[in-house]
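75 is the number that the UniProt record's numbering gives to position 75 of the sequence shown; each next residue is one higher, with no gaps. For every residue, glycine included, the Cβ atom is placed at its ideal position computed from N, Cα and C. To start, the structure under review is shown below, and the notes come after it.
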Amino acid sequence: MNASSTATATGSTAAASTKATGTGTAPVDSGARSPEAAEVIGGARERIDALDDRIIGLVQERMAVSAVVQEARIGAGGRRVHLAREMEVLSHYRDALGKPGTQLAMTLLELCRGRV
């Protein structure tokens with residue numbers, strides 16, 4: 001590898017491990033010990049950030065749908081919360097994700113409760 005290709009490889013690694021801030025020049029410490037690992041980590045972090053954005057959007061959509069359900073239930077004389085349904089949700093998340101899934105489901109239910 002010559003000096004030119006080394007500079008190019010280093011430059012692309014720096015670009016991959018740079019996160020946009022106000023100036024767009026602040027490098028993010030990936031903890032990598034090689035330029036190749038830094039590039040892989042940078043790409044994976046970008047994908048995680050995109051997934052997080054999608055998850056947030058889905059949670060917001062779930063909150064809106066839950067509000068519709070609550071409005072319909074309350075409008076028909078029912079209670080705001082349907083505990084049997086919440087237990088189904090908790091069980092579903094626990095079965096799919098293990099014990100931490102239960103806590104995730106609890107957080108989702110808390111976000112979706114009482115918005116009407």
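A105 is classed as buried because its beta carbon has at least 16 other beta carbons within 10 Å across all chains shown. For H92, the enclosing alpha helix (DSSP H) stretches over residues L83 to L97.
For D29, there is no enclosing alpha helix (DSSP H), as DSSP marks it with neither H nor E. Counting of Cβ neighbours within 10 angstroms places G42 among the buried residues, the total reaching 16 or more. Rounded to whole angstroms, the Cβ separation of V59 and L108 is 7 Å, and the two are in contact under 8 Å.
Remark: C-beta atoms of L97 and M63 do not approach each other more closely than 8 Å.
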